[in-house]
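>
Number of protein chains: 2
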Amino acid sequence: MVRISELARQAGFSIPTLKYYIREGLLQAGTAVAPNRADYGDDHVNRLRLIRTLREIGGLDIGRIKRIVSAIEDESLSRHELFGVVERARAADVADPASSETAASRAEVDRFIDELGWRVRPDAAGRQELANALVALRGLGRDYDAGVFRPYAEAADRMAAREVRSISTAEPHSVAVERMVVGTVVFGAVFDTLRRLAHEHHSSGSD
Amino acid sequence: MVRISELARQAGFSIPTLKYYIREGLLQAGTAVAPNRADYGDDHVNRLRLIRTLREIGGLDIGRIKRIVSAIEDESLSRHELFGVVERARAADVADPASSETAASRAEVDRFIDELGWRVRPDAAGRQELANALVALRGLGRDYDAGVFRPYAEAADRMAAREVRSISTAEPHSVAVERMVVGTVVFGAVFDTLRRLAHEHHSSGSD
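The listed protein sequences derive, respectively, from chains A and B.
In this text, residue positions in the first sequence follow our numbering: the first is 1, and each later residue adds one.
In this text, residue positions in the second sequence follow our numbering: the first is 1001, and each later residue adds one.
1. I want to verify the contact list: residues of chain A whose CB lies under 7 Å from the CB of tyrosine 1152 (chain B), in sequence order.
2. Can you give me the start and stop residues for the beta strand (DSSP E) that valine 1002 (chain B) sits inside?
3. What residues in the segment 53-76 of chain A have a beta carbon less than 8 Å from any beta carbon of chain B?
4. Thinking C-beta only, is histidine 202 (chain A) closer than 8 Å to serine 1203 (chain B)?
5. Cα-Cα, which of A:Val164, A:Pro16, A:Arg195 is closest to alanine 1161 (chain B)?
6. Contact criterion: CB-CB distance below 8 Å. Does methionine 159 (chain A) meet it with respect to chain B?
7. Give the DSSP bridge partners of tyrosine 40 (chain A), in chain order.
8. Does the beta-carbon of glycine 126 (chain A) have 16 or more other beta-carbons within 10 angstroms, so that it is buried, or is it exposed?
9. Using a beta-carbon distance cut-off of less than 9 Å, what residues from the segment 3-28 of chain A approach chain B?
10. Would you mind working out which of B:Val1190, B:Gly1139, B:Ala1133, B:Gly1141 sits nearest leucine 1149 (chain B), comparing C-alpha positions?
11. Excluding the 5 residues preceding and the 5 following aspartate 39 (chain A) in the sequence, name in chain order all residues of the same chain whose CB lies nearer than 8 Å to its CB.
12. Figure out for me which residue from A:Phe83, A:Arg64, A:Ala11, A:Ser5 has the closest Cα to the Cα of arginine 179 (chain A).
13. Do threonine 53 (chain A) and leucine 1018 (chain B) have their CB atoms nearer than 8 Å?
14. Please determine, among B:Asn1036, B:Pro1035, B:Arg1055, the residue with the shortest C-alpha to C-alpha distance to leucine 1026 (chain B).
15. Please report whether the beta-carbon of phenylalanine 1083 (chain B) lies at a distance below 8 Å from any beta-carbon of chain A.
16. Can you tell me the Cα-Cα spacing of arginine 1064 (chain B) and glutamate 1073 (chain B), whole angstroms?
17. State the DSSP-derived secondary structure class of alanine 210 (chain A), mapped to helix, strand or coil.
18. Is alanine 1091 (chain B) helix, strand or coil by DSSP?
19. Report yes if the CB atom of alanine 218 (chain A) is closer than 8 Å to the CB atom of valine 1186 (chain B), and no otherwise.
20. Check the Cβ-Cβ distances between phenylalanine 1215 (chain B) and every residue of chain A, and say whether any is below 8 Å.
21. Any beta carbon of chain A sitting closer than 8 Å to that of alanine 1146 (chain B)?
22. Output the residue ranges of the alpha helix (DSSP H) runs that lie fully inside the segment 118-161 of chain A and measure 4 residues or longer, sorted by chain position.
23. Among residues of its own chain, excluding the 5 on either side of serine 206 (chain A), which ones have a beta-carbon nearer than 6 Å to its beta-carbon?
24. Assign alanine 1089 (chain B) to buried or exposed, taking buried as 16 or more other Cβ atoms, counted over all protein chains shown, within 10 Å of its Cβ.
25. Using only alpha-carbon positions, find the residue among B:Thr1184, B:Ile1022, B:His1199 that is nearest to valine 1085 (chain B).
26. For a contact meaning CB atoms closer than 8 Å, what does valine 1120 (chain B) contact in chain A?
27. Going by C-alpha distance, which of B:Ile1062, B:Gly1188, B:Lys1066, B:Ala1008 is nearest glutamate 129 (chain A)?
28. What I want to know is whether the C-beta of valine 1164 (chain B) ends up closer than 7 Å to one or more non-hydrogen atoms of the ligand PLP.
29. Classify glutamate 87 (chain A) as buried or exposed, calling it buried when 16 or more other Cβ atoms lie within 10 Å of its own Cβ.
30. Check proline 1172 (chain B) in the structure and name its three-state DSSP category.
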C-alpha cells in the first residue's frame, strides 16, 4: 500500500489528475488510514492502466471511460449486457435520422442485420452509424446499398466469434470484463492500424 | 454556379464556416464574377461532402482533413504515396518510445512487419501505434508478443488487397484518390462498428 504521491509517480499521472479521477468515480477512493491520509494498492494501479489504455489507445474521453468503468464494477451485468455498454460507450456521436434519406438507409441497415442473423439491440448506436455511412457514401456519388457492407460484416463476424470464444467463462467476472473491454478497444485500434499499413503495402508498385 | 449563401444552404454549413474553410485552404475559392461576388459549383459541393464525411464518419479534425485535401490536390503523388499521407493523417498522436520497454516492443513490431513481407515506410506512425498497443497489453498483465497481432494482420491484409484492387487504375487521379480516402476512412469506421455489433451478437446467450 502506498500514498497518493507514490501512486502518481508509479502510474505516471499527476496528483491533481488522480484526485479528479477519484471525484469523477473513475478511480476507487483509497483506504483511509489516518485523517488526511489514504493508502492505495494494486487495484488502483491496475485501474489507472485501464484508464490510460482506454484514453490513449482507444481515444475515449473521460465521460465514455466512466460509463465503461461503471459497467465493469457492476457485477450484475451479463457479458452480453456489458458488450452492449461498451458498444454504446464507443459509439460515435451520431445524429438521429433527420431526413427521409437517412430513415430509409436505417431501414435498409436493419434488414441487412436481420439477414445476417445477428442478435443486436434494436437501439444499438451502431445501426445508425452504418446508416449514416451509407448516406455519406451515396452523397459522394457511389451507388451503394447495404450489401456493400457484407464482406466487412463477414470479416467482423469471424473476428468477433474468435474474440468472444477466447474469454473463458471460468474466469472471475472482473477479469473477464476487463479482458473484453481491453480486447474490444485495443484490438480494434490494432486492426485499424494494420489495415492502414496493409493499404500502404498493397498500393506499392500499383502506379 | 451559385452564390456562397446558396452553397451554404445546399451543403448544410454556415457561411462563416465556408469562409473559414476557404481561408484554411480546405475549400477552393469561388470564381470571382464581380467585386465582392464569387460563384461556386459542383466541385465545391463535392469537396464539402468529403470534408463532412472525414469529419463526421472519420472523426478527423480540421488539421488532419487539410493534410488529406492537400494530398488529393497534389497530382504528382502516386497512389502509394497518397496512402502514406492518409496513413499519417489518420495516425493517433503517439508518443515516441520513451522507455527501453517501448523501444524493445517497437523492434519486435518492426520484425513482425518484416515477417509479413509488408512494404511500409520505416517511419510509418502505425508501427509505433502497434508497439504502444503491445506495451499497453503487457501493462495490463497479458503475456503477449507481436504474434498476437497475426490473425488481425491476416484479416487486414485480405481486406486491404481487395480494397486496393477495387480502385481501377483507369480512373482519373482525382476520382481515384477520393475513392481511396473515402474508402479508407468510411469503411474503417464501418468495420469497427460491425465488429462491435458482432461482439454483442456472439456474446448473447454466453452467460
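A virtual CB, placed ideally from N, CA and C, is assigned to each residue, including glycine.
Since we're looking at a predicted model, the values are computed, not measured.
On the basis of the supplied data:
1. Result: Phe187, Val190, Phe191, Leu194.
2. Element bounds for valine 1002 (chain B): n/a, residue is neither H nor E.
3. Listed in sequence order: Thr53, Glu56, Ile57, Gly59.
4. Contact flag unset, no.
5. Residue A:Arg195 is the option with its Cα nearest to alanine 1161 (chain B).
6. At least one CB atom of chain B sits nearer than 8 Å to the CB of methionine 159 (chain A).
7. According to DSSP, which records beta bridges pairwise, tyrosine 40 (chain A) is partnered with A:Val2.
8. Flag for glycine 126 (chain A) reads buried.
9. Under the 9 Å Cβ criterion, the segment 3-28 of chain A contributes no residue.
10. Rather than leucine, the amino acid found at residue 1149 (chain B) in this sequence is phenylalanine. Closest by alpha carbon: B:Ala1133.
11. Cβ neighbours of aspartate 39 (chain A) beyond the five flanking positions: Met1, Val2, Arg3, Gly30, Thr31, Val33.
12. Taking only the C-alpha atoms, the option nearest arginine 179 (chain A) is A:Phe83.
13. Against a cut-off of 8 Å, the Cβ pair of leucine 1018 (chain B) and threonine 53 (chain A) comes out as no contact.
14. Of the candidates B:Asn1036, B:Pro1035, B:Arg1055, the one whose C-alpha sits nearest the C-alpha of leucine 1026 (chain B) is B:Arg1055.
15. Yes, contact with chain A.
16. Going from the Cα of arginine 1064 (chain B) to the Cα of glutamate 1073 (chain B) covers about 15 Å.
17. The structure shown does not extend to residue 210 (chain A), since chain A is modelled only from 1 to 207, so the question has no answer here.
18. DSSP places alanine 1091 (chain B) in the coil class of the three-state scheme, outside both helix and strand.
19. With chain A covering only 1 through 207, there is no way to say anything about residue 218 (chain A).
20. There is simply no residue 1215 (chain B) to check, as chain B begins at 1001 and stops at 1207 in what is shown.
21. No, no contact with chain A.
22. List check, alpha helix (DSSP H) in window: 125-139.
23. Confidence is the limiting factor: at serine 206 (chain A) the pLDDT is only 48, short of 50, which leaves the residue's position unreliable and the question unanswerable from this model.
24. Per the 10 Å Cβ criterion, buried.
25. Comparing C-alpha distances from valine 1085 (chain B) to each of B:Thr1184, B:Ile1022, B:His1199 shows the shortest one belongs to B:Thr1184.
26. Simply Leu197, Glu200, His201.
27. Out of B:Ile1062, B:Gly1188, B:Lys1066, B:Ala1008, B:Gly1188 has the C-alpha closest to the C-alpha of glutamate 129 (chain A).
28. Absence of the ligand PLP is noted for the structure shown, with no ligands found whatsoever.
29. It is buried - the Cβ of glutamate 87 (chain A) has at least 16 other Cβ atoms within 10 Å.
30. Reduced to three states, the DSSP call for proline 1172 (chain B) is coil.
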